[in-house]
Amino acid sequence: MKRILLWSLLLCTTSIFAQKFQGKAYYQSKTTMDMDFGGREMSEEQKKRIKERMKGFLEKVYILDFSQTASVYKEEEKIAAPGQSRGGFGSMMAGSFSQGTQYKDVQKGVIMESKEFFGKKFLIKDSLPKLEWKMEGETKQIGKYLCFKATALKKVDELDFSSMRPRRGRNDRDKTDEEKKQDSIKAAKDPLSQIDIPKEILVTAWYTLDIPINQGPGEYWGLPGLILEISAYKTTILCSKIVMNPGEKEVIEEPTKGKEVSRKEYNEIVKDKMKEMQEMYRGRGGRGGRGGRG
């Protein structure tokens, strides 16, 4: 009975709210990093240096511009600190794992992501994935908004940076020199072999009926209110500010620039490029590192 009353109230509120409007929500995203790389032991100083270098990838601020049926989700622009921008293979690959500008239309069931990879623009277009949300009945306050809890199991994309974790294995100190050597060769040939990505993860969302639209950060949507917080594996996305009907409204429209591909096609392009670049860098290292034929 409580659920029926809640949905009835929601329908009435939605009809009143359905007038032309626009909002802007700011989200802070933070991903924790597993420092146990294949069982290798690192000092606290080494861990601290790696975390500092990775901070720009692990902590981000995003802006969600939303209307009743569509939204654009993009990273807040910021100027890199001196010495923070680095060239090389790692920096070039970072763009493929970073989220591009996302557009989603819940009415049409479409999600599009505009990304640039190795100087080429891509427009990744797919059907909007639908999660089977389970209403948990718990509530909590986020800022001035009363939020309700929902959970769902989500299939993980094979190149989802936030869900990657080092593949578990024996500790380095338990391995022979030959085993360590073979591990290094395998990692050089296929860097993704050292990474484990779960098939699916549990997602916890907190949404508010005060803004009754089925939108949220990134690819998340499908609840009877704006999603203000998402917890998925080691990433938490939390809304820090909402502005309704801002004075300067952003244009919410489908992106058009870039070669149109599906997510599966884009992932294949990235993996092929990774192999190509890894071969090139390994070749250079081989000539300089072994001093002869390898």
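Mapped onto mature numbering (1 follows the signal peptide of the UniProt record, and there is no 0), the consecutive letters of the sequence shown carry residue numbers -18 to -1, 1 to 276.
A virtual CB, placed ideally from N, CA and C, is assigned to each residue, including glycine.
Ordered along the chain, which non-local residues of its own chain (more than five positions away) have a Cβ less than 8 Å from that of residue i?
i    : result
G101 : none
F3   : S49, Q50, M226 and N227
Ordered along the chain, which non-local residues of its own chain (more than five positions away) have a Cβ less than 7 Å from that of residue i?
i    : result
R275 : At R275 the pLDDT is 43, less than 50, meaning the model places this residue with poor confidence; the figure from the coordinates comes in the next sentence. Excluding sequence neighbours, R275 sits near nothing in its chain.
G204 : K112, L113, W115 and N196
D108 : I93, S244 and R245
Y127 : T190, D192 and L210
K122 : C129 and W188
A134 : L113, E114, W115, K116 and V185
Using a 10 Å radius around the Cβ and a threshold of 16 neighbouring Cβ atoms, would you call residue i buried or exposed?
i    : result
M226 : exposed
M262 : exposed
S53  : buried
G198 : buried
K90  : exposed
S96  : buried
P206 : buried
F71  : Caution applies to F71, whose pLDDT of 47 falls short of 50 and renders its modelled position unreliable; the model cannot decide the point.
What is the residue span of the beta strand (DSSP E) that residue i lies within?
i    : result
I93  : V92 to F99
K6   : G5 to T13
W188 : E182 to T190
L210 : L208 to A214
S25  : Unbroken run through S25: none, as it is neither H nor E.
D47  : E41 to F48
E120 : K116 to I124
So residue i and residue j are in contact, right, with Cβ under 8 Å, and what is the actual spacing, rounded?
i    : j    : result
D47  : I234 : 6 Å
E118 : K137 : About 21 Å separates the two Cβ atoms, so there is no contact after all.
K58  : Y44  : The residue asked about is misnamed: residue 58 is Glu in this sequence, not Lys. Contact flag correct, Cβ pair sits at about 7 Å.
G249 : E140 : The question names Gly, but residue 249 is Asn in the sequence shown. About 6 Å separates the two Cβ atoms, so the contact holds.
Considering only residues of the same chain and omitting the five flanking positions on each side of residue i, which have a CB-CB separation below 6 Å?
i   : result
E41 : K12
Y85 : V54, M94, E236 and P237
G5  : F48 and M226
**Request:** Decide yes or no for the touch test of the stretch 211 to 220 against the stretch 229 to 241: beta carbon pairs closer than 8 Å, at least 3 of them.
**Result:** Taking 8 Å as the limit for Cβ pairs, the verdict is that the stretch 229 to 241 does not touch the stretch 211 to 220.
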